[in-house]
Amino acid sequence: MSTHFLTVESLKKVFPATNGVANLPVFDDINFHIDKGEFVCIVGHSGCGKTTILNVLAGLDEASAGEAFMDGREVRGPSLDRGVVFQSHALMPWMSVLGNVAFAVKSKWPDWSKQKIAEHCTGYLEMVGLGHAIHKKPAELSGGMKQRVGIARAFAIQPKMLLLDEPFGALDALTRGTIQDELLKIVQATHQTVFMITHDVDEAILLADKILLMSNGPHAKIAEIVEITMPRNRTRQGIHHDPQYYKIRNHLVDFLVNRSKTYAGAEAEMFHDAKNPPVVRPGLEGDLAAVVAMPADKPVQQLKQVVNQ
Amino acid sequence: MNSKLTLKAAFISLMMLAVFLGAWQLATQPKESVVQASADSEYAAMMGKGKEQSGFPTPGMVGKSFVTYLSDPFYDKGPNDKGIGIQIAYSLGRVALGFLLATIIALPVGFMIGMSPLLYKAFDPFIQVLKPISPLAWMPLALYSLKDSDISGIFVIFICSIWPMLINTAFGVSSVRRDWINVARTLEVNPLRKAFLVILPAAAPTILTGMRISMGIAWLVIVAAEMLVGGTGIGYFVWNEWNNLALPNVIFAVAMIGVVGMFLDLFFGWLQKLVTYRE
Ligand SMILES: Nc1ncnc2c1ncn2[C@@H]1O[C@H](COP(=O)(O)OP(=O)(O)O)[C@@H](O)[C@H]1O
Ligand SMILES: [Mg+2]
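Chains as they are written, first to last, in this note's numbering: chain A, 17 to 325; chain B, 83 to 361.
The following block contains the structure:
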């Protein structure tokens, strides 16, 4: 069935018991897929398990059940095919900016000459606007610049897929905007496949082709998949003028504020097909968000009943 | 501003030194009015020190020791009469050897223990019991089994400097930031490269702290060890001069021990600064 670039099937994670008390699964029955060149954001309340999913995709953590396939192969352990941008930038403070990127590039291409590595790294650092700071130590950089180095490092190994865990979460709004623009440009130019966690709804709309909405844990699920139907050549300045923008935004905020809880727990399973989460396109509809692909065997009436109880 | 502060501090330091020397001078001034008992004066005459003998040496006498020994630090007139430079070189040599041996063992073993929580737990009780043992308590066992006083001295240095290094290395390695390890993992870095390019630099400041503590302890212990085993070294020098009742020389040696210890510590402080990174 795996015709998609990345497929996640029935993923479940239970952390080992703490002090003899068994933990509930953080999430279970997580299913979604990502196509080549797609930019997918995942949005959900803090603690629902987004980072855990990303770590499983990165191969840094193991799922308790279910599997993830990338490019036809099961994800087992970390790989240079998947570049990770960490929330806390994770630069090595004893290496220069160039040294940090070169460390990654040398890991991918051990036979390259020093000069070739330096040229390659400098190219990527210039791409994120850091050509002037390549010999600085990370401690001499601002938070935004550090995060840029992290992005350059991830792009420089030319991974098949990029995983970003709230990369801009710790930045001020102004810096965040600039880096979002840069990331947007780079991704539009390279058609990089990206999976990104964010808690910023606007960021998700700006960058994503589709947004996975995750319900609260325990037993968190992918509640909905929101397709961003606005044209791909978005800009941060122009996006507000698109009439779709507010419809999508309202839909996302409504989910986070009102609906993210109702999908969790046993009653949710009566109407929600976790194997095939509904795909919605709020941008194309009138006032109400439309469910485009609600599973046929779980009628909408049932949903209402459950919620009204 | 800062240099002004340094200047002021230096001035106060000098003042304190002057006050201390003055008080010392006053306290040890020969008291001519005191008529010494005949046994005492006989003893004094026997010691060849004449009538100015008043017990504790004056600053002037100690100063003379400084001048005599520092003006010719490297003479060698047989086993009981060597220049201070030679004696200190012997001590430093023993410390260096024992410390080097300890480093060769403590760094790799500490690295291993730090990488494995299982080994960490397994080694812990031994380290906890062995660490608080005074290194000198090992001396009889060392003398008995090694049958050589020189090697025993080196062994005592080895055994006292190994623990801080071992413990700090293990701790430093085990507490390397998870993020950096994860970066290395996602880049599929081979274990050797990971050890030398990620874990070692990350843990280096902690490891160097351990080495600095070890060196401090080693320099404390070498003096005592050399007093016990004799032969050569600054500790033996102190002991020998005490047996000669040459207190000015003892005071001189004590000051030298302090100065050398200070330079050793400064050196390790400098090394520490080299490997410390700012986050
Ligand atoms: N190592 C761990 N051991 C036990 N529980 C954990 C561990 N890591 C995360 N959790 C729990 O799993 C849940 C999901 O965490 P996380 O994936 O970090 O959430 P998110 O990234 O969505 O904020 C949280 O409730 C957290 O407490
Ligand atoms: Mg998280």
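Even glycine gets a Cβ: it sits at the ideal position worked out from N, Cα and C.
Secondary structure at E308/B, three-state DSSP: helix, strand or coil? It is helical.
Hey, is L178/A's beta-carbon within less than 8 Å of any beta-carbon in chain B? Interface residue (Cβ-Cβ distance to chain B less than 8 Å): L178/A is not classified as such.
Using a Cβ-Cβ distance cut-off of 8 Å, determine whether F119/A contacts chain B. So yes, F119/A belongs to the interface.
For F349/B, collect the residues of the same chain with a Cβ closer than 7 Å to its Cβ; drop the 5 residues on either side in sequence, then sort them by chain order. Hits under 7 Å: none found.
Taking a cut of 9 Å between CB atoms, which residues from the region 264-281 of chain B lie near chain A? Residues passing the 9 Å Cβ filter: N264, V265, A266, R267, T268, L269, E270, V271, N272, R275, L279 and V280.
Does the Cβ of E301/A lie closer than 7 Å to at least one heavy atom of ligand 2? Every heavy atom of ligand 2 is 7 Å or more from the Cβ of E301/A, so no.
Of the residues A286/B, P283/B and M309/B, which one's Cα is nearest the Cα of G235/B? Answer by Cα proximity: M309/B.
At 7 Å on the CB atoms, spell out the chain A contacts of P199/B, in chain order. By Cβ distance, chain A contributes nothing, its closest Cβ being about 14 Å from P199/B, past 7 Å.
List the residues that DSSP assigns as beta-bridge partners of R89/A. Bridge partners of R89/A: M86/A.
Taking only beta-carbon atoms, is Y226/B less than 8 Å away from chain A? The beta carbon of Y226/B does not come within 8 Å of any beta carbon belonging to chain A, so the residue lies off that interface.
For the beta strand (DSSP E) holding S198/B, just list the boundary residues, first then last. Unbroken run through S198/B: none, as it is neither H nor E.
Quick check: is the beta carbon of L304/A nearer than 8 Å to any beta carbon in chain B? The pLDDT assigned to L304/A is 49, lower than 50, so where the model puts this residue is not dependable; a value taken from the coordinates is nonetheless given after this. L304/A does not count as touching chain B.
For R192/A, report the span of its alpha helix (DSSP H) as first-last. Counting along the chain, R192/A sits inside the alpha helix (DSSP H) bounded by residues A189 to T206.
Span of the beta strand (DSSP E), counted from its first residue to its last, around E240/A: Residues I238 to E243.
Provide the residue(s) that pair with G57/A in DSSP beta bridges, ordered along the chain. Per the sequence shown, residue 57/A should be read as Cys rather than Gly. DSSP lists M212/A and I227/A as partners of C57/A.
What residues in its chain sit with their C-beta under 8 Å from that of K213/B, if we drop five residues either side in the sequence? Correct list, in chain order: W245 and I249.
Proximity winner among S276/A, A172/A, D289/A and L180/A, relative to H61/A (alpha-carbon distances): With distances taken between Cα atoms, H61/A lies closest to S276/A.
With a threshold of 7 Å (Cβ to nearest heavy atom), would A82/A be considered close to ligand 1? Per the sequence presented here, residue 82/A reads as Gly, with Ala not at that position. G82/A: no, Cβ never under 7 Å from ligand 1.
Give the C-beta separation of L229/A and V242/A to the nearest angstrom, bearing in mind that I take them to be a contact with Cβ-Cβ under 8 Å. Contact flag correct, Cβ pair sits at about 6 Å.
Between which two residues does the alpha helix (DSSP H) carrying K124/A extend? Residue range V113 to K124 is occupied by the alpha helix (DSSP H) that includes K124/A.
Could you check if D261/B belongs to the surroundings of ligand 2, using beta carbon to heavy atom distance under 7 Å? Not one heavy atom of ligand 2 lies closer than 7 Å to the C-beta of D261/B.
Start and end residues, beta strand (DSSP E) containing S329/A: The structure shown does not extend to residue 329/A, since chain A is modelled only from 17 to 325, so the question has no answer here.
If we count the other Cβ atoms within 10 Å of its Cβ and call it buried at 16 or more, is E240/A buried or exposed? Here E240/A is buried, its C-beta having at least 16 other C-beta atoms within 10 Å.
How would you label L89/B, buried or exposed, when you count the other beta carbons within 10 angstroms and need 16 or more for buried? Around the C-beta of L89/B, fewer than 16 other C-beta atoms lie within 10 Å, and the residue is accordingly described as exposed.
How many angstroms separate the CA atom of H257/A from the CA atom of P247/A? Rounded to whole angstroms, the gap between the alpha carbons of H257/A and P247/A is 12 Å.
K29/A to A252/B, Cα distance in whole Å? When the Cα atoms are used, K29/A and A252/B turn out to be separated by approximately 32 Å.
Following a CB-centred definition, is D181/A positioned closer than 7 Å to any heavy atom of ligand 2? Yes; taking the cut-off as 7 Å, the Cβ of D181/A has a heavy atom of ligand 2 nearer than that.
Which residue from A81/A, F21/A, S158/A and I255/A puts its Cα closest to that of D97/A? Residue nearest to D97/A within the set A81/A, F21/A, S158/A and I255/A is F21/A (criterion: CA-CA distance).
Please state whether the Cβ-Cβ distance between V238/B and L218/B is less than 8 Å. If you check the CB distance, V238/B and L218/B come in under 8 Å.
Sorted by chain position, which residues of the same chain lie with C-beta nearer than 6 Å to S26/A's C-beta, five sequence neighbours on each side aside? So the list reads D45 and G82, once near-sequence residues are dropped.
Where W262/B meets chain A, residues with beta-carbon distance less than 7 Å: Residues of chain A passing the Cβ test: A106 and M108.
Distance, Cα to Cα, R259/B vs F319/B? Whole-angstrom Cα-Cα distance: 48 Å.
Just checking my contact of K124/A with I173/A at CB under 8 Å: how many whole Å lie between their CB atoms? Contact flag correct, Cβ pair sits at about 4 Å.
Out of G99/A, A84/A and G63/A, which one is the CA nearest neighbour of V72/A? A84/A is the residue among G99/A, A84/A and G63/A whose C-alpha sits nearest the C-alpha of V72/A.
Extract the residue ranges of the alpha helix (DSSP H) inside the region 250-301 of chain A, only unbroken runs of 4 or more that lie entirely within it. The region 250-301 of chain A contains these whole alpha helix (DSSP H) runs: 259-270.
Could you work out which residues of chain B lie near P94/A, taking near to mean beta carbons separated by less than 7 Å? Per Cβ cutoff of 7 Å: R267, T268 and E270.
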